[in-house]
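Visitor:
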Amino acid sequence: MIDLLLAVLALAVGVALAWRAGPLARLALFGSAMLVSGLLFMPGEQITGVIGPDGVRFLRRLAGRTPWEVSDWTHFLIFAWLGLLLWLARADLRGWKGWALVVGLAVAAEWAQGLTPSREPRVDDVLVNLIGGMLGVVLGIGVRLATARGGGLGKHEARRQRRE
Numbered sequence: 001m002i003d004l005l006l007a008v009l010a011l012a013v014g015v016a017l018a019w020r021a022g023p024l025a026r027l028a029l030f031g032s033a034m035l036v037s038g039l040l041f042m043p044g045e046q047i048t049g050v051i052g053p054d055g056v057r058f059l060r061r062l063a064g065r066t067p068w069e070v071s072d073w074t075h076f077l078i079f080a081w082l083g084l085l086l087w088l089a090r091a092d093l094r095g096w097k098g099w100a101l102v103v104g105l106a107v108a109a110e111w112a113q114g115l116t117p118s119r120e121p122r123v124d125d126v127l128v129n130l131i132g133g134m135l136g137v138v139l140g141i142g143v144r145l146a147t148a149r150g151g152g153l154g155k156h157e158a159r160r161q162r163r164e
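Following UniProt numbering, the numbering of the sequence shown begins with 1 at its first residue and continues without gaps.
1. Residue 125: which of 100, 113 and 118 sits nearest, CA to CA?
2. Among 55, 65, 117 and 69, which has the Cα closest to the Cα of residue 42?
3. Reducing DSSP to helix, strand and coil, say where residue 86 ends up.
4. Quick one: what's got a C-beta closer than 6 Å to residue 2's C-beta in the same chain, skipping five residues either side?
5. Using 8 Å as the cut-off, can you tell me whether the region 87-100 makes contact with the region 56-68, which would need three or more C-beta pairs spanning the two stretches below that distance?
6. Once you ignore the five residues that flank residue 139 on each side, which residues in its own chain have a CB closer than 6 Å to its CB?
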């Protein structure tokens with residue numbers, strides 16, 4: 001029953017994130033939501049089985065050079081990607097709505113992990129999620145500024161600016 005609830009939640013989040021995006025962005029947002037859900041809700045043993053023992057050793061070696069564990073880096077990178085993708089793909093979520101959505105997703109992801117039998121929610125994971133998500137948003141802002149300065153505005157953005 002819990003697995004079904006988590007699947008429905010993951011699908012609902014994926015659809016909500018992709019809803020007002022263009023076709024390519026819709027695919028990226030929905031696909032990312034499904035991948036993130038899998039990484040957050042699958043038991044660690046299943047993830048290990050997918051990447052294999054060599055992959056696990058490689059990731060541990062990389063993480064061993066930092067103060068974070070592999071799971072911390074996973075949370076950080078997942079949310080950095082989501083923050084960046086949301087900011088770039090969903091113009092309607094730029095500004096306070098985007099920041100609030102990243103915060104909500106960071107907290108909700110940990111809450112949902114508490115529903116899975118093999119996972120547990122952790123406050124430090126929420127903080128890592130937030131750091132990653134906020135960095136992703138900041139990177140998205142930087143990309144938008146860089147493309148705007150270079151004259152690389154998208155057609156919708158250029159049309160909006162002409163109207164103003």
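Ideal placement from N, C-alpha and C gives every residue a C-beta, glycine not left out.
Everything numeric in this text was worked out from a predicted model, so none of it was measured.
Guide: From the atom records:
1. 113
2. 117
3. Reduced to three states, the DSSP call for residue 86 is helix.
4. Correct list, in chain order: 115.
5. no
6. 84
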